[in-house]
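Chemist: Protein chains in written order, with our numbering: chain L, 156 to 600; chain Y, 10 to 263.
Glycine included, C-beta positions come from ideal geometry on N, C-alpha and C.
Owing to the predicted nature of the structure, the values given are computational and were not obtained by experimental measurement.
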Amino acid sequence: MAVLPKHKAQLNAARKMATSHAEALASYEAPRGLQSLLPTADARAAFEKAGFPTPVNEAWTFTNLAPLAKTNFTLPHKGQVSGAVIGEAKLVRDAVTLVFINGQLSYDLSEMTSLPVGVTIAPLSQAASMLTDSQVAKLKGKTTDGLAAANTAFLTDGYVLRVDEGQNITTPVELVFLSTGGKQAINLKTFITVGKGSTLELSEVYHSTSEEAYWHNSVTYIDVAQNGQLHFTRKQDEGTEAFHTAEVHTTLQRDASFYGFVANLGSKIARTMFETNVAGHNASANLAGFSLTGKGQHHNTSTHTLHGVEHTNANQIFRNVVAEGGHSVFMGKYHVLAEAQHTDAAMLNQNLLLAPSAKADSKPELEIYADDVKCSHGATTGKLDETALFYLQARGIDKSTAMAMLTEGFIDDLLNALPNSQARERLHDAIHRWLGRSMSTSMKG
Amino acid sequence: MTELLNIENLHARVEEKEILKGLSLKVNAGEVHAIMGPNGSGKSTLASVLAGKPGYEITEGSVNFQGEDLLEFEAEERAQKGIFLGFQYPVEIPGVNSMYFLRTALNAQRKARGEEELDGIDFMDFIQDKLELLDMNTEFLKRPVNVGFSGGEKKRHETLQMCALNPTLALLDETDSGLDIDALQIVSRGVNAMRGEGKAIVLITHYQRLLDYIEPDFVHVLKDGQIIKSGDKTLATELEKEGYSGLTNETTAA
Ligand SMILES: Nc1ncnc2c1ncn2[C@@H]1O[C@H](COP(=O)(O)OP(=O)(O)OP(=O)(O)O)[C@@H](O)[C@H]1O
Ligand SMILES: [Mg+2]
Numbered sequence: 156m157a158v159l160p161k162h163k164a165q166l167n168a169a170r171k172m173a174t175s176h177a178e179a180l181a182s183y184e185a186p187r188g189l190q191s192l193l194p195t196a197d198a199r200a201a202f203e204k205a206g207f208p209t210p211v212n213e214a215w216t217f218t219n220l221a222p223l224a225k226t227n228f229t230l231p232h233k234g235q236v237s238g239a240v241i242g243e244a245k246l247v248r249d250a251v252t253l254v255f256i257n258g259q260l261s262y263d264l265s266e267m268t269s270l271p272v273g274v275t276i277a278p279l280s281q282a283a284s285m286l287t288d289s290q291v292a293k294l295k296g297k298t299t300d301g302l303a304a305a306n307t308a309f310l311t312d313g314y315v316l317r318v319d320e321g322q323n324i325t326t327p328v329e330l331v332f333l334s335t336g337g338k339q340a341i342n343l344k345t346f347i348t349v350g351k352g353s354t355l356e357l358s359e360v361y362h363s364t365s366e367e368a369y370w371h372n373s374v375t376y377i378d379v380a381q382n383g384q385l386h387f388t389r390k391q392d393e394g395t396e397a398f399h400t401a402e403v404h405t406t407l408q409r410d411a412s413f414y415g416f417v418a419n420l421g422s423k424i425a426r427t428m429f430e431t432n433v434a435g436h437n438a439s440a441n442l443a444g445f446s447l448t449g450k451g452q453h454h455n456t457s458t459h460t461l462h463g464v465e466h467t468n469a470n471q472i473f474r475n476v477v478a479e480g481g482h483s484v485f486m487g488k489y490h491v492l493a494e495a496q497h498t499d500a501a502m503l504n505q506n507l508l509l510a511p512s513a514k515a516d517s518k519p520e521l522e523i524y525a526d527d528v529k530c531s532h533g534a535t536t537g538k539l540d541e542t543a544l545f546y547l548q549a550r551g552i553d554k555s556t557a558m559a560m561l562t563e564g565f566i567d568d569l570l571n572a573l574p575n576s577q578a579r580e581r582l583h584d585a586i587h588r589w590l591g592r593s594m595s596t597s598m599k600g
Numbered sequence: 010m011t012e013l014l015n016i017e018n019l020h021a022r023v024e025e026k027e028i029l030k031g032l033s034l035k036v037n038a039g040e041v042h043a044i045m046g047p048n049g050s051g052k053s054t055l056a057s058v059l060a061g062k063p064g065y066e067i068t069e070g071s072v073n074f075q076g077e078d079l080l081e082f083e084a085e086e087r088a089q090k091g092i093f094l095g096f097q098y099p100v101e102i103p104g105v106n107s108m109y110f111l112r113t114a115l116n117a118q119r120k121a122r123g124e125e126e127l128d129g130i131d132f133m134d135f136i137q138d139k140l141e142l143l144d145m146n147t148e149f150l151k152r153p154v155n156v157g158f159s160g161g162e163k164k165r166h167e168t169l170q171m172c173a174l175n176p177t178l179a180l181l182d183e184t185d186s187g188l189d190i191d192a193l194q195i196v197s198r199g200v201n202a203m204r205g206e207g208k209a210i211v212l213i214t215h216y217q218r219l220l221d222y223i224e225p226d227f228v229h230v231l232k233d234g235q236i237i238k239s240g241d242k243t244l245a246t247e248l249e250k251e252g253y254s255g256l257t258n259e260t261t262a263a
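(1) How many angstroms separate the CA atom of L:VAL528 from the CA atom of L:ASP312?
(2) Identify the continuous alpha helix (DSSP H) that holds L:ARG409 and give its terminal residues.
(3) When you compare the CB positions of L:TYR376 and L:ILE347, do they come within less than 8 Å of one another, or not?
(4) So, for L:SER595: in the same chain, excluding its five sequence neighbours on each side, which residues have a beta-carbon less than 7 Å away from its beta-carbon?
(5) Excluding the 5 residues preceding and the 5 following Y:ALA121 in the sequence, name in chain order all residues of the same chain whose CB lies nearer than 7 Å to its CB.
(6) Hey, would you say L:GLY337 sits closer than 8 Å to L:TYR314, going by beta carbons?
(7) Thinking Y:VAL196 and Y:THR184 are a contact (beta carbons under 8 Å), I'd like their distance in whole angstroms, please.
(8) When DSSP labels each residue in this structure, what does L:ALA168 get in the three-state scheme?
(9) Should Y:ASP182 be listed as close to ligand 3, given that the test is whether its C-beta is under 7 Å from any heavy atom?
(10) Any heavy atom of ligand 1 inside 7 Å of the beta-carbon of Y:VAL23?
(11) Anyone know if the C-beta pair for Y:GLY104 and L:ASP568 falls short of 8 Å?
(12) Taking the CB atoms as reference points, tell me whether L:GLY394 and L:SER363 lie closer together than 8 Å.
(13) Note down the Cα distance separating Y:GLU148 from L:ASP516, rounded to an integer number of angstroms.
(14) Pick from L:TYR262, L:ASN468 and L:LEU230: whose alpha carbon is nearest that of L:VAL236?
(15) Determine the DSSP secondary structure at Y:ASP226, reduced to helix, strand or coil.
(16) To which residues of the same chain is L:ASN575 closer than 7 Å at the C-beta, ignoring the five residues directly before and after it?
(17) By a C-beta neighbour count over all protein chains shown, 10 Å radius and 16 as the cutoff for buried, is L:ARG550 buried or exposed?
(18) Less than 8 Å between CB atoms is the rule here; does Y:VAL58 satisfy it with respect to chain L?
(19) L:LYS538 touches chain Y at which residues, Cβ-Cβ below 9 Å?
(20) So, does the CB of Y:GLY199 fall closer than 8 Å to a CB anywhere in chain L?
(21) Taking Cβ positions only, does L:ARG588 come closer than 8 Å to chain Y?
(22) Given a cut-off of 8 Å, decide if L:MET502 and L:SER483 are closer than it, judged by their beta-carbon atoms.
(23) Among L:HIS462, L:ASN470 and L:ASN257, which one has its Cα closest to the Cα of L:VAL491?
(24) When DSSP labels each residue in this structure, what does L:ASP516 get in the three-state scheme?
(25) Closer than 9 Å between beta carbons: that is the criterion. Which residues of the stretch 40-70 of chain Y meet it against chain L?
(26) Using a beta-carbon distance below 8 Å, is Y:GLN170 in contact with chain L?
(27) Considering only their Cβ atoms, is the gap separating L:HIS454 from L:ALA425 smaller than 8 Å?
(28) Classify L:SER457 as helix, strand or coil using the three-state DSSP reduction.
(29) Which same chain residues end up closer than 7 Å to L:ALA244 when comparing Cβ atoms and leaving out the 5 residues on each side of it in sequence?
(30) Closest to Y:ALA114 by CA distance: which of Y:ASN18, Y:GLU86 and Y:TYR98 is it?
(31) Name the one or two DSSP bridge partners that L:MET428 has.
(32) Any beta carbon of chain L sitting closer than 8 Å to that of Y:GLY123?
(33) What are the residues of the stretch 448-477 of chain L that lie near chain Y, defined by any Cβ-Cβ distance shorter than 9 Å?
(34) Starting from Y:ALA114, find everything on chain L with Cβ-Cβ shorter than 7 Å and list it in chain order.
(35) Between the stretch 101-112 of chain Y and chain L, which residues of the former have a C-beta closer than 9 Å to a C-beta of the latter?
(36) Please say whether L:ALA440 and L:PHE413 have beta carbons closer to each other than 8 Å?
Below you can see the structure in the form of structure tokens.
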């Protein structure tokens, strides 16, 4: 691709912003337990070279990170949060829970006594010895991606979770990441391993007690070994001025299944990238989720799924609801290599626009080199059905409630993909509250 | 007799096309009226205009319901005031559970009338005998609104909603169309159950056989946007035999 002068200017600006971001965080020191592993200086140089991603980069065509890049962030500080706030944020009430405040584990707020046998979990800063060789390689590895480089260069902490072989874990595990605002840049790195034949329900919740700007930048590596199964649910309900960028890299071995779910409600700009390598026969990668995008918000859900061997499956369904002045993006790609015959992969993105000024972009893609596969993709974008709206109103239901009911109906059945009924209820309530809020404002407006 | 509804010289258009062309009709409390007429004559349009469906322009005339100008109100307000429209084509609403829908509707109306809202358990008690009356079971209510319902089930569902919401004025737009005799009897049972003092029913139908089960006080012929003839129930039998083609506008001449 020829670099146009306009692009060059953008890239230079993005680099400059990376440099000033790095300068503001110059007093950064890596967590003690990771200092010998983290290539802090190299990563910082890589970040400044790459800069913040710009729309020149195809993956960022629809998502402009300039508001993030222009913010002057600080290093994370200690924060105080009450147990009640955690209770509000949680998806699964009776899960084993680790609570991170501003990127640091709070033992007081965490609940680990019911941690089942066969599961080990610890903050990354104290768990270097738990990492496998390939995980260490990922930690030390070079990257040319600006956000990943920043993540390494200014790593706050993260967690390491391992499920041993042959463990059917019935107690769900939940991580709560809470920020108290104050322009902090919080960088999280996580390594998850589900052993051979093991199962786990894991959820992550991102919340805030503040309406100030801050940045949660997370990179997660997941390995699901042969015949293992992982449900991984992410609820992003950050403060309205927050930035949230997340990459989830998953590798699936033979017969492994992955069920990823993402709920995007909060943040000013949030992007979640699921990068999945379906590396073993009969492995299946299932992704689902929704976003509720209101005024001044931008939600981007991206997926890249690589099928490298015969007989693998993938399924994706994302439903996005956009209210007045919001913008949602879905970008998904199935990349099927020549040897990946009999890949069975379906992708669907459905968008619902609640107002004329609401915007949804959708880019589902197939890149297929094998000739005997069953792959499909589809995208629809529409408004609420006027006749359905009238049907509800004709029964005495006011317009904003009717709109909320139809919108809820649009996403609600997605929640059936969640294995945990508490999580389903919590998300259902969150959807309900969001609709209540956004319908009453859209009716006034 | 208390007058419930008074439509005078109503003209309505949709997308620049005039459909109701000076329609007048009076309905008193306690009465059952049947409206018959050829396809495309404006029967559903009349029902939609009365129920407050958006998209119609009223260019002339008035509609008075219990002493108020009905046309002033939003669709939901009209429902709350006691108007019920049984849809000719009930709408399928994927993702919205029938029970939740009906309870929300009932509670919206109760709230508007200053009555206590019903919780899930009270609602089940409340709806039980209405389900029985219509030979329906609770499984119905667990499904999304009208999704995958057969034609007859949809009409029964409309009737159930009517029984639950207990309107003052029910406008039933071809609730009998496409029903077999059993279903027709069941639906008629529902309609007759809500018949009563202070209430009125307007049945839009193509078939005289409905009127064997629900006996009307008046039968009207709607043609080309006007009521051109009114009579008692014998008119329906005549119409079914002779058709509408011989009829000309008698009311405007009068
Ligand atoms: N949205 C619309 N745009 C244009 N024309 C319309 C619209 N809705 C209705 N019409 C027309 O208005 C006329 C009356 O329609 P309406 O549905 O009221 O008839 P009807 O008497 O109920 O007929 P049927 O017996 O077939 O149900 C028809 O010619 C129809 O095509
Ligand atoms: Mg009709």
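Modeler: Quick look at the numbers:
(1) 41 Å
(2) Counting along the chain, L:ARG409 falls outside any alpha helix (DSSP H), and DSSP gives it neither H nor E.
(3) yes
(4) SER555
(5) GLN89
(6) no
(7) 6 Å
(8) helix
(9) Ligands present in the displayed structure are limited to ligand 1 and ligand 2, and ligand 3 is not among them.
(10) yes
(11) yes
(12) yes
(13) 39 Å
(14) L:TYR262
(15) coil
(16) VAL247, PRO327 and GLU356
(17) buried
(18) no
(19) The premise fails here: L:LYS538 is roughly 14 Å from chain Y at the closest Cβ pair, so nothing lies under 9 Å.
(20) no
(21) no
(22) no
(23) L:HIS462
(24) strand
(25) SER57, ALA60, GLY61, LYS62, PRO63 and GLY64
(26) yes
(27) yes
(28) strand
(29) VAL331, LEU333, VAL360 and HIS362
(30) Y:GLU86
(31) L:GLU402 and L:SER457
(32) no
(33) none
(34) ARG550, GLY551 and ILE552
(35) GLU101, ILE102, PRO103, GLY104, VAL105, ASN106, TYR109, PHE110 and LEU111
(36) yes
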